[in-house]
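**Q**
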Amino acid sequence: MLLTKKNSGTSGASASPFVHSLRRGLTQALPTLDRRTFLRRSGLGVGVGLAASQLSLVKKAQAGTQGGSIIGAGKVEVKRTVCTHCSVGCAVDAVVENGVWVRQEPVFDSPINLGAHCAKGAALREHGHGEYRLRYPMKLVNGKYERISWDLALKEISERMMELRKASGPDSVYFIGSSKHNNEQAYLMRKFVSFWGTNNTDHQARICHSTTVAGVANTWGYGAMTNSYNDMQNSKCALYIGSNAAEAHPVSMLHMLHAKENGCKMIVVDPRFTRTAAKADEYVRIRSGTDIPFLFGIVYHIFKNGWEDKKYINDRVYGMEAVKADIMAKWTPDKVEEACGVKEEQVFKVAKMLHENNPSTIVWCMGQTQHTIGNAMVRASCILQLALGNIGKSGGGTNIFRGHDNVQGATDVGPNPDSLPGYYGLAEGSWKHFAKAWDVDFEWIKGRYASPAMMGKNGITVSRWIDGVLEKNELIDQDSNLRGVFYWGHAPNSQTRGLEMKRAMDKLDLLVVVDPYPSATAAMAAMPGKPEDLNPNRAVYLLPAATQFETSGSCTASNRSLQWRDKVIDPLWESRSDHMIMYQLADKLGFGKELVKNYKMQKVKGMDEPVPEDILREINKCVWTIGYTGQSPERLKAHMRNMHLFDVKTLKSKGGKDKETGYDFGDDYFGLPWPCYGTPELKHPGSPNLYDTSKHVMEGGGNFRANFGVEREGKSLLAEDGSHSKGADITTGYPELDHVLLKKLGWWGELTEAEAKAAEGKNWKTDSSGGMIRVFMKNHGCHPFGNAKARAVVWNFPDPIPQHREPLYGTRADMMAKYPTHDDKKAFWRLPTLYKTIQDKNIADKVHEKFPLIMTSGRLVEYEGGGEETRSNPWLAELQQEMFVEINPQTASKRGIRNGERAWVKTPTGARLNVQALVTERVAPDTVFLPFHFSGRWQGADMLAHYPNGAAPIVRGEAVNTATTYGYDSVTMMQETKTTVCDVEKA
C-alpha cells in the first residue's frame with residue numbers, strides 16, 4: 005500500500021541519514037480507509053463477513069448442483085492457467101466447482117514462479133465472477149450507453165466498416181490489437197487485418213518495447229530477452245537500469261534474491277529510489293533521459309583499464325573499434341557527470357563491479373525504452389555487454405523484462421504494422437509464404453489492399469493513430485485520414501497526449517471497443533468534447549470480450565518460454581472469446597471462410613469458434629524465422645502437466661515422461677523457449693540462452709545471426725575462425741541457410757525426396773518442410789540463421805553509434821543546445837514527425853522556466869497497464885486508492901504543499917491533473933513521479949457518469965498521459981513518457 009502503509013518500525017542504527025529519510029518517504033502515513041469502510045463506500049457492502057460479489061458466486065455454484073445442494077457437493081476440477089498480468093509467467097491452479105471458479109493456488113512446481121504470487125496474481129479469481137465487467141454489447145446513444153444485441157452490433161459495425169472502405173479505402177480503418185491476447189488470437193488478428201487489406205494495426209509493444217526489439221535485433225539478430233529470470237541465479241552481478249522489477253515484475257525478484265544469497269552484486273540505476281533500489285548493493289541516481297552518458301561512462305572505464313574481453317570482441321563483434329574511439333573522445337568523466345549527474349568515483353565503482361563479478365547481466369524496461377532516443381539507449385546497453393563479453397553466457401545476457409503477460413508473443417506473431425507473424429517483412433516473398441500457409445491465393449490478398457504499394461508499406465503505429473486522424477491529409481502517406489478505430493484489448497490512458505486523443509476520438513466515424521473491461525476508451529468517447537471536434541455521424545460500440553481464463557491458448561513469457569492455458573470457466577455474461585469475435589466479424593465482412601479454413605470449429609455457447617490448438621499448429625507450420633515451429637500444443641501441454649521435472653536454475657528437464665501421453669522430455673527446456681527450431685518431431689529442446697556457443701545447436705546453443713550481409717567496407721561481418729557453436733561442422737563464420745548453400749556444402753542429398761521438392765529455391769525461413777533446418781542442425785550442428793558478428797555499429801540507424809540527445813521537453817536548455825535532437829522527418833511511418841522544430845521552440849519560449857520540474861512515470865505493484873482491470877478488482881483497489889505525485893520535500897516546501905494534500909500537476913499541453921501529494925525523497929528536487937495505471941478522472945472531474953452502467957472501475961484517478969507531451973523514437977515511434985516537464989502547485 006504505497007500511500008497507505010504506516011510505519012511499523014524504526015530504521016537500523018547503522019543506516020545513513022539519507023537512507024533514514026528515504027525510509028520515512030517509503031513509509032509515510034496518509035489518511036486511509038479500513039477494509040470495511042472502503043468496501044462499503046465502493047458499493048461492495050459487507051454483510052456477515054461476506055462481500056456481495058462472493059454471495060453471487062455461491063449462488064451460481066449452488067445453481068449448478070443437483071437439487072440445490074451446497075457448494076462442494078458437485079464436480080470439482082483443477083485447471084492450470086497462467087497469470088494475465090506482467091510477463092513473468094506465473095502458473096496458477098484454479099479450482100472450479102460446478103463450473104464456478106471458487107479458489108486458486110500458485111503452482112509450487114512451476115520453475116518460473118516457484119509457488120509465489122504478487123498481489124495481482126493472488127487476486128486473479130476475481131475474473132471468475134467479474135462484477136465490474138462489460139456484460140453485453142452496448143452502443144453510445146445521445147451520450148449514454150445502451151444495451152444492444154450481438155447480432156445488431158456485428159451487423160451495424162460491419163456495415164459501417166464497408167461504408168468506410170468504399171468511401172476511403174481499407175487504410176481508413178485502424179486496428180489496435182492486444183498484448184493480452186494469447187498467441188493464437190494475436191496471430192489471427194494479424195491474419196484478419198491482412199484479409200481486410202491494411203497494415204494499419206499495432207499493439208502495446210509500440211509503447212513499451214519496440215525500441216528494444218529494433219535495437220537488440222539490429223545488434224545481434226533477435227529482438228528479445230537473451231537469457232531468463234531463472235538464469236539470473238547464475239549471475240555474479242546484475243545492473244538494473246530503467247527497471248523497477250520489485251513492483252513491475254515482482255516474482256522475478258525471487259530469482260534475483262536467490263542470486264544475492266549466492267553473492268551476486270546488485271546495482272540499480274534510476275532517477276528515483278525505488279523498491280528495487282532498496283535491495284541494491286549500489287544505487288545510482290541519474291538525471292532522467294541520460295542513460296547513454298552513464299552507460300558509456302562505464303564503458304569508458306572498461307576500455308581505459310583494459311577490462312574489455314578482447315578475444316570475444318575480435319571474434320564476435322563488428323565495429324567496436326569505432327565505438328571505442330567515439331566513447332573515449334566524448335564521454336570522459338567530466339562530460340559524464342555534466343550530462344547525467346553521477347560523479348566519476350561512482351561510475352568507476354560500477355564499472356569495476358561489473359568487471360570483477362563476471363558474468364554480469366543487465367536488466368532494462370520502459371525506463372530505458374520510452375524516449376525519443378530509446379533505440380540508442382538500448383544499443384548502448386548492448387554495447388556494454390558486448391564489451392564485457394557477456395552475451396551468449398549463462399549468468400550474462402540482456403534480461404529485458406516485457407510488460408504484459410503476452411507482449412512478447414503478440415510481438416512475435418501478432419499485429420505489427422511493419423511485419424507479418426515472425427517478423428517476416430512486408431516484401432512480396434513474405435506475403436507469398438503466408439498466402440501458402442493460409443491456403444489462399446496471393447493475388448486475392450493483394451487485391452484486398454488499396455494498392456500493391458500499400459501492401460508493402462509500414463502502417464501507422466498505435467502511438468500515432470491520433471495524428472492519423474488529426475493531421476492534414478496532404479501530409480499523410482495514405483489516401484485517407486483514419487476514420488474508424490478498433491480498440492481491441494488496449495488502454496488509451498497508456499498512450500501520450502491525452503487531450504489530443506480525446507479530439508481524435510470525437511472526430512472518428514466509427515469507434516469499436518472490444519474488451520472484458522470497456523476501459524477508459526468508453527468513458528473518453530462518451531465524455532462531452534468541443535462541439536467543433538465532434539463528428540455528428542460517429543458511431544461508438546462496446547463489445548464484451550472474454551478473459552484469457554474463459555478460453556485456452558498459449559502465451560509467451562518474457563524469457564521466450566511458451567505456456568498453455570487451460571480454459572478455467574465458460575465466458576461470463578454475454579462475453580465471447582476474441583477469436584470467436586474475429587471470425588464472426590470476418591464472416592460479416594465476407595472473408596470468414598478464408599480466415600478459418602485451416603481450423604476445426606468447436607461449439608461455445610452454441611456458436612462456432614476456431615479451435616486454438618489448430619491456430620497454433622498453423623503457426624508451427626509457417627513461423628520458421630524465430631522458431632515458433634517446435635512448440636506443438638501437445639508438447640506445451642505435457643510441459644504444463646510436468647513442471648516438477650524442470651530445473652529451477654537452468655529450466656532444463658531432469659528427464660522423465662508424461663504419464664498421459666508417454667512423451668519423453670529428453671533435454672527439453674521448460675516452455676520450449678523460442679527459437680525451438682524445426683518441426684515438433686525434430687524435438688529441438690528450445691533455447692534457454694540465446695547466442696550461446698558452448699552448447700550444440702540441438703541442445704539449445706547458437707551464435708549471432710547473419711542478418712546484415714557478409715561484408716561491410718571491406719571487413720567481414722561473419723564470425724572469425726574457431727568461433728562457432730559446439731560441435732558445428734562449419735568452424736568459421738557462414739551466411740544464413742538457403743538452397744544454394746546446402747547444395748554447395750554437398751548436404752542437399754540428405755533431404756528426403758519430398759523435402760527436396762519443397763525446399764527447392766527456398767531459404768530456411770520459407771522451406772515449409774523444415775527439411776533444410778533438420779539437415780543443417782541435426783546432421784551438421786550448424787545454425788540456420790548463419791554465424792556472424794554482432795554489430796556495435798548499426799549503419800542503418802539515424803545514429804550508427806549511439807549518441808546522447810536531450811528530450812524535446814527538458815529543464816536544461818544548456819544541455820539541449822549541446823546535445824540537440826534529430827531533424828524533423830517526413831512521411832515516417834506514414835506521418836510527419838517533429839523533433840528539432842519542437843525542441844528549438846521550447847528553448848526559445850523558455851518552457852523550462854515555466855515548467856521547471858522533470859516529470860516521469862512508472863508502475864505500481866498493485867495495478868497493471870492502463871489499470872482498468874486491476875482497479876476494478878476490489879482486493880487490489882483497496883490497496884491503492886489514490887492517484888498521486890511523488891515530490892521532493894524541498895520542492896514541496898517551496899510550493900507550500902504538505903504530505904497528503906491535493907495538488908495540481910501542469911504541463912505545456914495545457915493539461916492539469918488533480919492528484920494527492922506524496923512528499924518523499926525517493927525523487928530528487930528536480931523530478932516528480934506519477935504512476936500510469938489510473939484513469940476515470942479528467943482534469944479534476946470524475947468521469948463516472950460516462951462509463952457504461954455497472955462497468956466503472958472502483959478506483960478512479962487522473963491519467964498521467966492526459967498531460968504527457970509530444971515526442972517519439974526516431975526508429976520505432978516509441979512514445980516519450982519518461983522525460984518531460986511540468987510544474988506542481990497546491991490545489
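Note that the sequence shown covers residues 5 to 991 in my numbering.
All C-beta atoms in this analysis are idealised placements derived from N, C-alpha and C, irrespective of residue type, glycine included.
1. Quick one: any contact between the region 216-232 and the region 373-393, if contact means 3 or more CB pairs under 8 Å?
2. Between the alpha carbons of serine 523 and serine 974, how many angstroms are there, rounded?
3. What three-state label does DSSP hand threonine 223 in the structure shown?
4. Cα-Cα, which of Asn965, Cys626 and Asp672 is closest to threonine 913?
5. What does DSSP give as the partner residues of glycine 557 in its beta bridges?
6. How about glycine 596 and glutamine 588: do their beta carbons lie closer than 9 Å?
7. According to DSSP, is glutamine 979 part of a helix, a strand, or is it coil?
8. Could you check whether the Cβ of aspartate 946 sits closer than 9 Å to any Cβ belonging to chain C?
9. Helix, strand or coil: how does DSSP classify glycine 426 here?
10. Mapping the DSSP letters down to three states, classify methionine 859 as helix, strand or coil.
11. Give the secondary structure of serine 467 by DSSP, where H, G and I count as helix, E and B as strand, and everything else as coil.
12. Can you have a look at serine 176 and say buried or exposed, based on whether 16 or more other CB atoms are within 10 angstroms of its CB?
13. Mind checking whether phenylalanine 300 and arginine 289 have CB atoms under 9 Å apart?
14. Find the nearest neighbour of methionine 647 within the set Ile585, Pro614 and Trp568, judged by alpha-carbon distance.
15. According to DSSP, is glutamine 998 helix, strand or coil?
16. From what residue to what residue does the beta strand (DSSP E) around glutamate 101 run?
17. If you draw a straight line from the alpha carbon of valine 874 to that of tyrosine 667, how long is it in whole angstroms?
18. Just how far apart, CA to CA, sit cysteine 122 and glutamate 265?
19. Taking one C-beta from the region 716-736 and one from the region 248-266 each time, how about it: are there three or more such pairs within less than 8 Å?
20. State buried or exposed for threonine 665, treating a residue as buried only when at least 16 other CB atoms are found within 10 Å of its CB.
21. Using beta-carbon positions only, say whether glutamine 189 and serine 565 come within less than 9 Å of one another.
22. If you draw a straight line from the alpha carbon of glutamate 962 to that of glycine 78, how long is it in whole angstroms?
23. Given that a residue counts as buried once 16 or more other Cβ atoms are within 10 Å of its Cβ, and exposed if not, what is leucine 948?
24. DSSP three-state label for glutamate 475, please.
25. Pull up the CB-CB distance for threonine 729 and glycine 705, whole angstroms please, since I reckon it's below 8 Å.
26. Who are the Cβ neighbours of tyrosine 972 in its own chain at under 8 Å, not counting the five residues just before and after it?
27. Helix, strand or coil for proline 297, going by three-state DSSP, please let me know.
28. With a threshold of 8 Å, are at least 3 pairs of Cβ atoms found where one atom belongs to the region 205-222 and the other to the region 448-462?
29. Could you check if leucine 649 is buried or exposed, using at least 16 other CB atoms within 10 Å of its CB as the buried criterion?
30. Report buried or exposed for threonine 841, applying the criterion of at least 16 other Cβ atoms within 10 angstroms of its Cβ.
31. Exposed or buried, what is phenylalanine 112 when buried is set at 16 or more other beta-carbons lying within 10 Å of its beta-carbon?
32. Write down the C-beta distance between valine 851 and isoleucine 891 rounded to the nearest angstrom, noting that I regard them as a contact closer than 8 Å.
33. Using a threshold of 9 Å, state whether the C-beta atoms of histidine 743 and glycine 765 are closer than that.
34. Among Lys663, Arg795, Phe669 and Asn497, which has the Cα closest to the Cα of valine 321?
35. Which one or two residues does DSSP pair with tryptophan 492 in a beta bridge?
36. If I measure Cβ to Cβ from methionine 820 and keep anything under 7 Å in the same chain, skipping five residues before and after, which residues do I get?
**A** Let me spell this out:
1. yes
2. By 1-based counting over the sequence shown, the position of residue 523 is 519. By 1-based counting over the sequence shown, the position of residue 974 is 970. A straight-line Cα-Cα distance of about 30 Å links serine 523 and serine 974.
3. The residue given as residue 223 occupies position 219 in the sequence shown. Note: threonine 223 maps to helix in three-state DSSP.
4. Counting from one through the sequence shown, the residue named residue 913 turns up at place 909. When each option's Cα is compared against that of threonine 913, the closest is Asn965.
5. Counting from one through the sequence shown, the residue named residue 557 turns up at place 553. In the DSSP output, where bridge partners are listed per residue, glycine 557 has Arg569.
6. Residue numbering aside, residue 596 sits at position 592 when the sequence shown is read from its first letter. Residue numbering aside, residue 588 sits at position 584 when the sequence shown is read from its first letter. Yes, these two residues count as a Cβ contact at 9 Å.
7. For the purposes of this step, residue 979 is identified with residue 975 of the sequence shown, where counting begins at 1. Note: glutamine 979 maps to strand in three-state DSSP.
8. In the structure shown, chain C cannot be found, because there is only a single protein chain.
9. Working through the sequence shown from its first residue, we reach residue 426 at position 422. If DSSP states are grouped into helix, strand and coil, glycine 426 belongs with the helices.
10. For the purposes of this step, residue 859 is identified with residue 855 of the sequence shown, where counting begins at 1. In the structure shown, methionine 859 sits in a strand (DSSP, three-state: E or B).
11. Within the sequence shown, the letter at position 463 stands for residue 467. Serine 467: helix per DSSP, three-state reduction.
12. The count along the sequence shown starts at 1 and reaches residue 176 at position 172. When all chains shown are included, serine 176 counts as buried.
13. Taking the sequence shown and counting its residues from 1, the one referred to as residue 300 is at position 296. Taking the sequence shown and counting its residues from 1, the one referred to as residue 289 is at position 285. Judged by beta-carbon spacing, arginine 289 lies beyond the 9 Å limit of phenylalanine 300, meaning their Cβ atoms are not closer than that value.
14. Against the sequence shown, residue 647 aligns to sequence position 643. That would be Trp568, whose Cα lies nearest to the Cα of methionine 647.
15. Look at the range of the chain in this structure, 5 to 991, and you will see that residue 998 is not part of it.
16. On the sequence shown, residue 101 is found 97 positions in, with the first residue counted as 1. Element bounds for glutamate 101: 95-101.
17. Taking the first residue of the sequence shown as position 1, residue 874 is located at position 870. Taking the first residue of the sequence shown as position 1, residue 667 is located at position 663. Before going further, note that residue 874 is threonine rather than valine in the sequence given. Going from the Cα of threonine 874 to the Cα of tyrosine 667 covers about 38 Å.
18. Walking along the sequence shown from the start, residue 122 turns up at place 118. Walking along the sequence shown from the start, residue 265 turns up at place 261. CA-to-CA, the gap between cysteine 122 and glutamate 265 works out to about 21 Å.
19. no
20. Residue numbering aside, residue 665 sits at position 661 when the sequence shown is read from its first letter. Classified as exposed, threonine 665 has fewer than 16 neighbouring CB atoms from the shown chains inside 10 Å of its CB.
21. Reading the sequence shown from its first residue, position 185 is the one you call residue 189. Reading the sequence shown from its first residue, position 561 is the one you call residue 565. Their beta carbons are not under 9 Å apart, which means glutamine 189 does not touch serine 565 by this criterion.
22. The sequence position of residue 962 within the sequence shown is 958, counting from 1. The sequence position of residue 78 within the sequence shown is 74, counting from 1. C-alpha separation (whole angstroms): 45 Å.
23. On the sequence shown, position 944 is the one that residue 948 refers to. Exposed, because fewer than 16 other Cβ atoms sit within 10 Å of the Cβ of leucine 948.
24. Your numbering for residue 475 matches position 471 in the sequence shown. Here glutamate 475 sits in coil by DSSP.
25. Walking along the sequence shown from the start, residue 729 turns up at place 725. Walking along the sequence shown from the start, residue 705 turns up at place 701. First, the amino acid is wrong: residue 729 is serine here, not threonine. At roughly 4 Å, the Cβ-Cβ gap stays under 8 Å, so serine 729 and glycine 705 are in contact.
26. Taking the first residue of the sequence shown as position 1, residue 972 is located at position 968. Contacts found: Thr376, Ser467, Arg468, Thr837, Met978, Gln979 and Glu980.
27. Residue mapping note: residue 297 aligns to position 293 of the sequence shown, counting from 1. Here proline 297 sits in helix by DSSP.
28. no
29. The residue given as residue 649 occupies position 645 in the sequence shown. Answer is buried; the Cβ neighbour count reaches 16.
30. Position 837 of the sequence shown, counted from the start, is the residue given in the question as residue 841. Exposed, because fewer than 16 other Cβ atoms sit within 10 Å of the Cβ of threonine 841.
31. On the sequence shown, residue 112 is found 108 positions in, with the first residue counted as 1. Result: exposed.
32. By 1-based counting over the sequence shown, the position of residue 851 is 847. By 1-based counting over the sequence shown, the position of residue 891 is 887. By a beta-carbon distance limit of 8 Å, valine 851 does not contact isoleucine 891. Their separation comes to about 20 Å.
33. Taking the sequence shown and counting its residues from 1, the one referred to as residue 743 is at position 739. Taking the sequence shown and counting its residues from 1, the one referred to as residue 765 is at position 761. Taking 9 Å as the Cβ cut-off, histidine 743 and glycine 765 qualify as a contacting pair.
34. Your numbering for residue 321 matches position 317 in the sequence shown. With distances taken between Cα atoms, valine 321 lies closest to Arg795.
35. To locate residue 492, count along the sequence shown from 1; it is residue 488. Val518, per the DSSP bridge assignment.
36. By one-based count along the sequence shown, residue 820 stands at place 816. So the list reads Glu810, Gly814, Gln843 and Ile847, once near-sequence residues are dropped.
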